[in-house]
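With positions in the sequence shown counted from 1, the corresponding number in this note's numbering is that position plus 676.
Note that CB positions come from ideal geometry on N, CA and C, so glycine has one too.
Notes follow once the structure below has been shown.
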Amino acid sequence: MTPGIKFHRGGQKALKLERKTIETLEFPEDFEFHSDREQGRFVKNFQDDVTRFDEKVSKITEGIYDTATSEIATWILDSSRNQKTLSVFSPDDTIGNLRTALVQCNFTDISRLIRDFRQKTLDFEDERREIRETIVTENDAIHEIIDKVSEMPSTPDTTRIIIIRQFESLRPHFLDSLVSLLYSNATCRSVIPRLRLMICVSTSPAFFTQNSEIVTMNMLELKQFKFTQLEDVFIKIISTGIHAFFEPPRQKPKKIEDDDPKLLMSYDCAPALFSGSFMKYLKNRFLACDYSVSALIRAIQFAMLQKYIEVPLWREETHSEELQKYDDVLRLFLDEFGEHSKSEFVRIHMEIQWNPDFWKSLEEEPIFRERKQFLVNSRTNLMEFGQRMLQKTENWDSKFSKKLEDLLEALNEAYNNTTSGPTDTQKTPNNSKMTFLELKKQREQAMIAKQQNPISTAKSAIFTHIMSFFQATLRPYPATWRNVVGTWQDKMTSLDSSDDVDIEKALLSKHLDEPVSVAWRALLCHRNFKMVPMNEWAEAYLENIKLPKKEAKGAFFAAAGQLEHIGLIRGAADKKSTNINVQYHPIHFVPSL
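Have a look at this one:
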């Protein structure tokens, strides 16, 4: 990492970057500060873009988690619900079923779910009502939970919530035994109306139902919730690099030291465009790293840091007119051939940016083919489609609009010139037989007549002209745009999220020039078997890597991060030395390969 750059944690200052440090970097010739205030603004933008992106993401995703937690807390703690049923354990008493919330939550978000749920319970807790909780893990004994429930005060204003942290980690029939004991114990049974149960399941609700007995299910007043909205979270993060969802640019701060967190919501923290390859990489990383939001944040921060070092004046280019036209045309395309929603907008945008064969593959999709058939087979539908395109595109491309008008007029003329009378076609009598050659000739004549039909030709010309307009406008961002992040194709291999695939290739001695392969071989060929000093590892890496020294440094740390992520290496246990512990040695690895 560049000297002088320090990422912040907590309330510490995000970045320390002085003029002396900036002058040591290799910036373009047009990069020069004319005043200390101009330097301060650059440092402020640098700081917000590179190091405060996690704050931006946490705020834009907070609403998704907050909505889910509110629904769970409201249903569990709603005192107005008091359903009465007959218990087989006590026929003379009427007690309610145990109110239970089954929450599907990714295991990386369980701690957040419990933390947010605790905050929501404070809204229901007051002087008259006390809420207590018990978190159950795989190591807890059932009798300890029963004892805590039995010790509940007899006052009706006390509520006990039992939270099962992860259902998959429990012992077999743990929940069945717990529910059975709660209903069979007279003391616990008396507090069932004031007892709540929240079960976190990381896989699927079907796993819960398949591993619970019918008797247990009958004793629960069960409702399913979904806390981890993976698709919504990813769209929120990826939309920070899509122009259509940009917030207004941040105004010039009155004070350089202004760190108001509210500005992160009202203005854009980093108004940069994500390239198609970078968005594809982020999606793969999100799926490969157990849906880790922090993994996406680190990748975007690294990309922003790389952009500032290579093109420090990237903010000077906005291309607002081209981007606005792109957004409007994409919305128009979705109105005609897709679904106009944010998720569909992001999906199609990503496909356009990273898939060079998008338009060819689109023609094979059933929805597009049905829509095309609906438009082309009817003159009225096609004319209305053309008129809508004229109204929307008259301010975008005058040449396109002019040609479309001519094509629509040609279609009308073709219909007017077509005679409505009977055609001179030779019909074969019903009682006569037709040979195979005669049938083939008849089909060929029908095909030629269809191809030479002026109406079909005019319809095809209109649809082809409109699709050419979409294809010309909806295309990947030019690599020459300085405000596009992630256009480097050579560095994407060192940041590939498919770590296990890359390591497997390295073990087989393929792709010898890849940074991950070189770094892994340098470790395995070291004289030490288990612990390797990091400086010696770096020296061996630099001797074998075929990259410029400036690029090799960044590729080395990227490769080290990948090896650590999949568990092949880890740091020293004392957290002080710079030694690397090798966790895995392939049996059949031959250093001389």
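query, result
"Leaving out five residues on either side along the sequence, give the residues of the same chain with a beta carbon under 6 Å from the beta carbon of Thr1254.", "Met1210"
"In whole angstroms, give me the CA-to-CA distance for Ile875 and Ile790.", "11 Å"
"Can Phe1145 and Tyr984 be called in contact, C-beta distance under 8 Å?", "no"
"State the Cα-Cα distance for the pair Ala1236 and Val733, rounded to the nearest angstrom.", "26 Å"
"Determine the direct distance from the alpha carbon of Val779 to that of Glu1039, and round the result to whole angstroms.", "40 Å"
"Taking the straight line between their C-alpha atoms, what separation do you get for Ala1137 and Lys1068?", "19 Å"
"Measuring CB to CB, does Val909 end up less than 8 Å from Thr737?", "yes"
"Would you list the residues sitting across from Cys876 in a DSSP beta bridge?", "Val779"
"Determine the direct distance from the alpha carbon of Asn1204 to that of Phe683, and round the result to whole angstroms.", "Unreliable placement is indicated for Phe683, whose pLDDT of 37 sits below 50; no coordinate value is reported for it."
"Quick one: give me the first and last residue of the alpha helix (DSSP H) that Arg1246 is part of.", "Run containing Arg1246: none in the alpha helix (DSSP H); it sits in the beta strand (DSSP E), 1245 to 1247."
"Indicate the three-state DSSP secondary structure (helix, strand or coil) for Gln886 in the structure shown.", "helix"
"Would you list the one or two residues that DSSP bridges to Gln900?", "Leu778"
"Can you list, in chain order, the residues of its chain with a C-beta nearer than 6 Å to that of Val1160? Leave out the 5 residues immediately preceding and following it.", "Leu949, Ser951, Tyr1153"
"Relative to the C-alpha of Asn1129, which residue among Glu1120, Ala1090, Lys1116 is closest?", "Ala1090"
"Answer with buried or exposed for Gly1230, where buried requires no fewer than 16 other C-beta atoms within 10 angstroms of its C-beta.", "buried"
"Using CA atoms only, rank isn't needed, just tell me which of Phe783, Lys912, Phe843 is closest to Gln886.", "Phe843"
"How many angstroms separate the CA atom of Arg794 from the CA atom of Thr834?", "16 Å"
"Run through the DSSP bridge pairs and tell me what Phe950 is partnered with.", "Val1161"
"Straight-line CA distance for Arg1045 to Glu1012?", "12 Å"
"Under the rule that 16 or more other beta-carbon atoms within 10 Å means buried, what is Lys1036, buried or exposed?", "exposed"
"Around the C-beta of Pro1098, are 16 or more other C-beta atoms found within 10 angstroms, so that it is buried, or is it exposed?", "With a pLDDT of 46 at Pro1098, under the threshold of 50, the modelled position of this residue cannot be trusted; read the value that follows with caution. Result: exposed."
"Taking one C-beta from the region 1018 to 1034 and one from the region 1047 to 1061 each time, how about it: are there three or more such pairs within less than 8 Å?", "no"
"Using only the alpha-carbon positions, how far apart do Gly1162 and Met828 sit?", "58 Å"
"In whole angstroms, give me the CA-to-CA distance for Glu806 and Glu998.", "58 Å"
"Does the distance from the CB of Leu1087 to the CB of Leu1066 come in under 8 Å?", "no"
"Do Met980 and Asp725 come within 8 Å of each other at the CB atom, strictly closer than that value?", "yes"
"Please classify Leu1184 as buried or exposed, where buried requires at least 16 other C-beta atoms within 10 Å of its C-beta.", "Caution applies to Leu1184, whose pLDDT of 39 falls short of 50 and renders its modelled position unreliable; the value that the coordinates give is listed next. Exposed, since its Cβ has fewer than 16 Cβ neighbours within 10 Å."
"What's the gap between the Cα of His1241 and the Cα of Ser826?", "45 Å"
"Name the residue from Arg841, Asp799, Phe718 whose alpha carbon lies nearest to the alpha carbon of Asp785.", "Arg841"
"From Asp637 to Phe718, what distance separates their C-alpha atoms?", "Not covered by the structure: residue 637. The range shown for the chain is 677 to 1269."
"For Pro1032, which three-state DSSP category applies?", "coil"
"Report the CB separation of Phe1034 from Ile1043 in whole angstroms; it is logged as a contact under 8 Å.", "Between Ile1043 and Phe1034 the Cβ distance is about 14 Å, and since that is not below 8 Å, they are no contact."
"Name the residue from Thr831, Asn815, Thr863 whose alpha carbon lies nearest to the alpha carbon of Phe850.", "Asn815"
"Applying the criterion that 16 or more other CB atoms from any shown protein chain within 10 Å of the CB defines a buried residue, is Gln1238 buried or exposed?", "buried"
"Less than 8 Å separating the beta-carbons of Ile1256 and Gly1247?", "yes"
"Taking buried to mean at least 16 other C-beta atoms within 10 Å of its own C-beta, is Gly739 buried or exposed?", "exposed"
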